[in-house]
Structures are given as structure tokens and as C-alpha cells.
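In our numbering, the protein residues as written are 2 to 550.
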């Protein structure tokens, strides 16, 4: 295959910049030109909220590369403040306008890479044009937010996804009052509600006025600041508002060039990141990817996949056959002292898609509890009847990233929950446990599949039958501190001596604090002929399901 001599890349940051430097590493002789509409070609966009919050004090730390550094190290012709206005696929040229001078020119290409990214959604609400209503996508947006913060005492954040949560924390770190409005009844739409309940408590504990189940219906300027009108009739007066209600792929350029779009609205690409035009590739947040769990089309705007897509596009342009295998959506978010991480699909998506699945919950510590500083975490694992892992979520103060990364890697490698049982992971008391939380999740899930335990769900409490009995197998002290309404007490250590108190004709729904003692009780009773099921995750899971931490 003859290598293209002229490679043109539209858009920098993650996908475009990765494609450019990979192309240079593969071909010293190629003519590589990168056009970036903004003034910065490569910056740490995921670090923007942390500069706003003062965690990253130096703005210059966010500049990963400059046109000068890319020229010096990679011999790349980078042209910032240059907007590609159109593509002529037949002539293989792009029309570029210099936003500083207004000059328009044609740039020929042999291979074209599109990396336009995704733009923040900005709904047509009354008053939306007020300059104090902002979004966060790039350094200029960050600078505008910082300028608007001067003199402000309260900030409104609309949307509680990754950006919304990070911005709420950033504003609080800078001493502003924060109102966080979310249309759903939970933060983090990608997650299951029970797994983000601890985040609600964490936000409120740090002074965030969290308002769930509400939307903003319009804005009005006033003498005291910007007034946002909410769907319940209430109002929020603030010095600035940040919209963080999602993004949509920026596809205008591709659409005008006649490139095919997918069912999700993203640019359609094949496994080589090639579009419907054989000379044009596309990468990053604007492209439709394959969901590796459901094997269907999806929009998953994440920096890691964008970087890998850029590499793969460059490989294929320069004759190396590389395949993008899809995206599973592995991500993490810091919320004050907690972290939430996810990989694969959530339970609510599996239900909506009609995918049969099992789920288990565990509440281990991040490392050996006898070593000082151990922190609890909650891990939810979703899997099918053959043990294939469909998704996982974790929340806690420490160790969350490690466990989700291990499970994400297992998923990518096609491993099952049975393989998690056997996973050999690092162990020393300061860092983990001999039975790592990943192993524990594998044990519990495998027990379900082997029939060693049967589980019940908190939703069943709404319609308990007369032939069912709730049985708390914790200690008297724990029982008195709080239990599920209607439960009887039979501590697991006394269970064998109190069998005469149990009715063998009834089904016993047992639970403990986190699930382990409930499992032991279920094994005792099931082997003695009793009908029994255990609550995975125990009383702590019940508390999470009803909105507690």
C-alpha cells in the first residue's frame, strides 16, 4: 500500500493530536497538517474544573503541547485559530479560514482525519443568551467562568453528570454557594440510583444545595444577579450558571461533505475508524462507536477511547492494519471525599434493553481492616447466566479505581466471574486484602451461578407474602440500631440453637449488615431443608436502595 504523503487533521486535543503524533512516528516523510479552530491545539480538558477549583493553580499546567513544541519534536505543521469550513471529497481538499486574518485557502489531502469533538447542549430557554450562562469545553470557556466568578457568591450548576459534579465541587472549593439542579432523581445518569445514593449525601455534607427531579425553565437578569426559574416554581438567584446537561457530536462538517451518520447521530466509522469516504477517517467524541457489552451503536465521549482511536486511524492511514474493538464506557468521577467509577452497562440499561442478568453487591474495605486507614467501598457486579461480566460500579473513598480497572480489563479479555475468583492480585496490608474485593465479587457471583445461594431484592418488601419471613441475623445491638421494618431477630451465631423458632413452611428472607453473615445463615438453613434467600449487600444495600448512604 502506497503511503499517503499529505495527511490533514481537523481538530486537536485528544483524538486529533494523537493521530498526528502517531502518524509522524510511523512516517518521517509524510506532510502532516493539523488545523485547530481554537487557540490551543492540545490541552488537558479533563483538568479544567480542577484549575477553576484551585487544585491545579497554574493555568500553564493544562497546556499539554503547543504548535511550537509539536513542530520541534514531531515536525507537525499546526495551525491554530483555523476553522475548516468545508470538505470537497471529490477534489480531496478542505477549505480553511484563518479566524485572525479572515484569509480563506484550500488545503489538499491524501488522507483526512476528522476530530471535531462534541459540543455542549444549550437548549433554547428564555434568557439563555445571558453572558453569565456558560458551558465548559475548552480553555476559553474556563477563563470566562473564572471571570464570571469574580464578585459572585452563588453559582448554579445545571446537570449532575461528570462535568456538573466536578464544577459543583470546584465552586465549593472556591467558597461559592452552589445550587446543583438535576432533572433526574439521581446524579450520574449513567449509573444506577442505588450506587450513587452516597454521592447525594457527600454533596450535601459539603454544602451543595442538591435539587433532584427539577429542571431549569428559563433565566431572567435582575438587579441582584441572574435568576433561574425551576420547574417546581422556585427560583435561584446566582452570579453565574454553568450548563452541564450533556454534549452532542459536532457533525456539521461531516454531514455537509456527505459522510454517513449512524443511528445515534455520530459519524459512522468502521473498525478501522474509516468513514463512508475511503480517504476520510474520524475519531473522538463525534463518532459512533460499538458498545462492547450490548454490541450495538453508541455515543461514548471519553478521552481514553478518543486517544486510542487517533492511534488506530493513523495506523491504518499508513498501512498498519489496526482495529478498534469498541468502547465499554470505563469512567470515574471525584465527588469531594468519594469516588464513583463504572465500566460496562448499568442495571437500568440492561433492564431497558431486556438483557437477562444477575447482580450482586459487596461492601469490602479497600485494604486489610487491621491496617490503619482502611476505607469501605461498595461494589456492584452485573453478569449473565454464563458468568460473562456485563458491568460493574463502585463507590467509596479509596480503592475504587483499582477494582473497576481490574474488572474492566477482565471484561475486555472476555473473562467471567469465575475468573475473578482466581484473579491473582497484589496484596500487602497497606494496599489490599488476601481476598481482594475483586475476588470477593467473583466468589459471590459464582455462588449465585452454582446455586449455593439465592438472593432477594429490596423491591420485594413492597409485596411481602404471608408465607415469607424477614430474618435479621445480625447482633442484638445492630438490630436495635436499625433494621428493616417487620424483621425478626435471629443472630447467625445462635441460629442452630433457635431452629425451633423458625417455621419450615415459610420462606425466610435473611439479611445481615453487608451480606456475609446472611450468606452463612442461608447455607445453614438451606442444608437443613428450609426455604431461604439472602439479601446481597445486606442492610447497607437496603439503606442505599431507600436513599440512605
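All C-beta atoms, glycine included, are put in the ideal place defined by N, C-alpha and C.
Check, Outcome
"Alpha-carbon to alpha-carbon, residue 470 and residue 238", "51 Å"
"Test item: CB-CB of residue 157 and residue 182 under 9 Å", "yes"
"Collapsed DSSP secondary structure at residue 84 in the structure displayed", "strand"
"Per DSSP, the bridge partner or partners of residue 344", "393"
"Within 9 Å, strictly: CB atoms of residue 199 and residue 328", "no"
"Beta-carbon contacts of residue 444 that lie in its chain and below 6 Å, excluding the five residues immediately before and after", "422"
"Runs of beta strand (DSSP E) wholly within the stretch 158-238 (minimum 3 residues, chain order)", "178-183, 209-213, 217-223, 226-231"
"Top-ranked residue by Cα proximity to residue 133, from 60, 243, 185", "243"
"Residue 294 classed as buried or exposed, judged by whether at least 16 other C-beta atoms fall within 10 angstroms", "buried"
"Residue 47 - DSSP class collapsed to helix/strand/coil", "helix"
"Pair within 9 Å by beta-carbon distance, residue 162 and residue 190", "yes"
"Exposure of residue 317, with buried meaning 16 or more beta-carbon neighbours within 10 Å", "buried"
"Strand pairing of residue 377, partner residues [DSSP]", "366"
"Per-residue burial, residue 360 [other beta carbons within 10 Å of its own, 16 or more giving buried]", "buried"
"Residue 424 and residue 411 closer than 9 Å at C-beta", "yes"
"Cβ neighbours of residue 531 in the same chain (closer than 7 Å, five flanking residues each side left out)", "503, 505, 509"
"3-residue-minimum beta strand (DSSP E) runs that sit fully inside the stretch 444-495, ordered along the chain", "469-473"
"Complete beta strand (DSSP E) runs within the stretch 255-321 (minimum length 3 residues, chain order)", "281-283"
"Minimum C-alpha distance to residue 417 - residue among 205, 382, 142, 35", "382"
"Sub-9 Å separation of residue 546 and residue 456 beta-carbons", "no"
"Beta-carbon spacing of residue 112, residue 281 below 9 Å", "yes"
"Nearest to residue 114 (by Cα), restricted to the options 226, 512, 389, 12", "12"
"CB contact flag (residue 511, residue 473, <9 Å)", "yes"
"Sequence-distant residues of the same chain with beta carbon closer than 8 Å to residue 225, five excluded per side", "238"
"Whole-angstrom distance between residue 206 and residue 176, CA atom to CA atom", "15 Å"
"Burial state of residue 87, where buried means 16 or more other Cβ atoms lie within 10 Å", "exposed"
"Of the residues 210, 151, 129, the one placed nearest residue 166, counting alpha carbons only", "210"
"Segment contact flag, the stretch 312-326 with the stretch 363-375, C-beta cutoff 8 Å, min 3 pairs", "no"
"For residue 68, the first and last residue of its enclosing alpha helix (DSSP H)", "68-75"
"CB contact flag (residue 407, residue 203, <9 Å)", "no"
"Where residue 104 falls, given that 16 or more other Cβ within 10 Å makes a residue buried", "exposed"
"7 Å CB neighbourhood of residue 7 in its chain, flanking five on each side removed", "32, 109, 110, 111"
"Completely contained alpha helix (DSSP H) runs for the stretch 91-151, where each covers 4 or more residues", "140-150"
"Residues bridged to residue 513 [DSSP beta-bridge criterion]", "DSSP lists no partner for residue 513."
"Coil, strand or helix - residue 504 by DSSP", "coil"
"At least three beta-carbon pairs within less than 8 Å, the stretch 475-482 to the stretch 424-442", "no"
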